[in-house]
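This report concerns only the one structure given below.
Protein chains in written order, with the working numbering: chain A, 1 to 260; chain B, 261 to 607.
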């Protein structure tokens, strides 16, 4: 009876739970408000600059070229990468923490479900919601395509990066949520944790430690995708990041067994 | 069905469960009685495989809980303390989720869910969100979740806590109806619960078993004499002599004819509950059917002998009517207070 998809019941339940929870919509509203505001600002700036340049103004040396892809798409996706730092923790904070608090987690782990069934069900549910959000953000490049000529390859690269980032952050969020029975603590932990992991190189001046820290930074790996570069090491980094923190979460689920 | 041997659980410096042993046979309903903090929930969590034991062996359905957790979980239904439910789900959705988790699919799942909802009296509210249902219904949803898929063993942690008297009565009836079909362990700190629902009782205090047995004979370990209250319709003196002649009777005294108070009901009242309608107390004394007077005697029995059958034969054999006979030697509350008094309050 128990096959490879034994996490499906949890996945279905979690997705339903997301769709019925007001918190989900508040988080989504904030995300679209912010990303929409960024997009509009960037778009207007581009339109304005274009007309100025058409009227004889010349581009400053430091300025990005007036190219839809470079000046709008890359910028918007860079900002969306950043917004995921807020959105994903808001979505994942509930997951294990709430169930620990209410006591339903105790029940869940005494069912025939294994830790991985619980974890993957919860993980993929949050990931699905995140991917749903990404699908809606397609209006931004679509609007650009109406009036300009963005490069499809770069848009694709941006989305590959964004999906991987959501996958990685979600794993981290599930991990922090499984550490505590407080949703707030889980949200703060995952936001702060991800923020620090963006550029841990800052914490060290130089030396081997600094180099290791920079190699492990999220930001350089994540940002390369917005410039249209799909490089295997960057993708691999984000995938391993997700897998690593899912494993950590699996360990954290057993925390009750550590109390000797 | 359930075997617990020398179970010990230590949290840091605190000994939550201290070498307890007991067994539960198939179809039995075992009451796990103890003051708050006696180690009931810890023991239940160990039985479900949620918490590992520090030492000792726990076997459920023949499987070792520590090493064959997956097999144990498949034959087990569990209702945690306070019956946590998923508020945003309907009763049907909630029970359906657990049916699915237990591996039921399609028509089998639907049938199991329908049956569990029916058994727990949730059929009428199956489509309503749990957050909009009363505590009693939420508790029943928790019970339905445990029952769905027909597990052989049910572990219920304080199944009636926080319910109103009517709901308590319903949940107890529901559990009692499972006797024989399922092996049930239920924990409680309410005494009447045990005598009303359980076939056997284990009393624990401070992590230790202080008494166990059927609710009637759990006092076996206590040294006090056994006293039976016998109500006979017949001439006063003759009936008394008759009772005294039964082999094993130490002494017979006449009880006053005021309607006896049912100790269980007194406790009920103290707990803010009322089970009077369920276990009708023996307050029907002034019935004079055949014209003969009715007398109540206290029969003191030697040691722990069970003389109920002999006494009944003696009374009926001489043509009198035996209206009532019950053991009043020590009720559970006496045992409870006595056995835990020496141990002090639970932590």
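C-beta atoms are modelled at their ideal positions from N, C-alpha and C, and glycine is treated no differently.
At a cut-off of 8 angstroms between beta-carbon atoms, residue 296 of chain B makes no contact with chain A. Inter-segment contact for the region 328 to 344 of chain B and the region 373 to 385 of chain B is absent: fewer than three beta-carbon pairs are separated by less than 8 angstroms.
Look at residue 555 of chain B here: in three-state DSSP terms it is strand. Rounded to the nearest whole angstrom, the C-alpha separation of residue 206 of chain A and residue 195 of chain A is 20 angstroms. Among the CB atoms of chain B, one or more fall inside 8 angstroms of the CB of residue 20 of chain A. Contact annotation: the region 318 to 330 of chain B does not touch the region 454 to 473 of chain B, with fewer than three C-beta pairs closer than 8 angstroms. Looking at the DSSP output, residue 224 of chain A bridges to nothing.
Contact between the region 126 to 144 of chain A and the region 48 to 60 of chain A is absent, with fewer than three C-beta pairs closer than 8 angstroms.
Inter-segment contact for the region 174 to 181 of chain A and the region 119 to 135 of chain A is present: three or more beta-carbon pairs are separated by less than 8 angstroms. Ranked by Cα distance from residue 103 of chain A, the options B/341, B/351 and B/350 are led by B/341. Closest option to residue 45 of chain A, judged by alpha-carbon separation, among A/249, A/184, A/82 and A/65: A/65.
Taking CB atoms only, residue 513 of chain B has no neighbour in chain A less than 8 angstroms away. Under the 8 angstroms Cβ criterion, the region 429 to 441 of chain B counts as touching the region 450 to 465 of chain B, having at least three qualifying pairs. For residue 148 of chain A and residue 49 of chain A, the gap between their C-alpha atoms comes out near 14 angstroms. Interface with chain B (8 angstroms Cβ-Cβ cutoff): residue 23 of chain A is excluded. Within the region 315 to 370 of chain B, the complete beta strand (DSSP E) segments at least 3 residues long are 315 to 320 and 336 to 339, listed from N- to C-terminus.
Flagged as an interface residue toward chain A: residue 342 of chain B, by a C-beta distance shorter than 8 angstroms. Put simply, the region 411 to 418 of chain B does not touch the region 363 to 370 of chain B. Fewer than three CB pairs are less than 8 angstroms apart.
DSSP lists B/558 and B/586 as the beta-bridge partner residues of residue 489 of chain B.
For residue 338 of chain B, the residues of chain A that pass the 9 angstroms Cβ criterion are 106, 107, 110 and 111, in the order they occur in the chain. Residues of the same chain with a CB within less than 6 angstroms of the CB of residue 405 of chain B, apart from the 5 flanking positions on each side, are 355 and 358 in chain order. For the pair residue 571 of chain B and residue 488 of chain B, the CB atoms are nearer than the 8 angstroms cut-off. For residue 226 of chain A, the CB contacts under 6 angstroms within the same chain, skipping 5 residues up- and downstream, are 74, 77, 78 and 158 in chain order. Under the 10 Å beta carbon count, residue 106 of chain A is surrounded by 16 or more other beta carbons and is classified as buried. Residue nearest to residue 277 of chain B within the set B/285, B/311 and B/290 is B/311 (criterion: CA-CA distance).
For residue 360 of chain B, the chain A residues whose C-beta falls within less than 7 angstroms of its own C-beta are 9, listed in chain order. Counting C-beta pairs with one atom in each stretch, the region 160 to 169 of chain A and the region 230 to 248 of chain A have three or more that are closer than 8 angstroms, which means they touch. DSSP places residue 460 of chain B in no alpha helix (DSSP H) but in the uninterrupted beta strand (DSSP E) bounded by 460 to 465. Between the beta-carbon of residue 28 of chain A and that of residue 139 of chain A there is about 14 angstroms, and that puts the pair past the 8 angstroms contact cut. Against chain B, a Cβ distance below 7 angstroms from residue 13 of chain A picks out 357. Between the alpha carbons of residue 197 of chain A and residue 420 of chain B lies a distance of about 48 angstroms.
Looking at the backbone, the Cα of residue 328 of chain B and that of residue 10 of chain A are separated by about 23 angstroms.
Residue 102 of chain A has a beta carbon lying within less than 8 angstroms of a beta carbon in chain B.
Per DSSP, residue 414 of chain B is one residue of the beta strand (DSSP E) stretching across 413 to 417.
The distance from the Cβ of residue 230 of chain A to that of residue 160 of chain A is about 6 angstroms, consistent with a contact at the 8 angstroms cut-off. Within chain A, the residues 109 and 110 have their CB atoms less than 9 angstroms from the CB of residue 309 of chain B, given in chain order.
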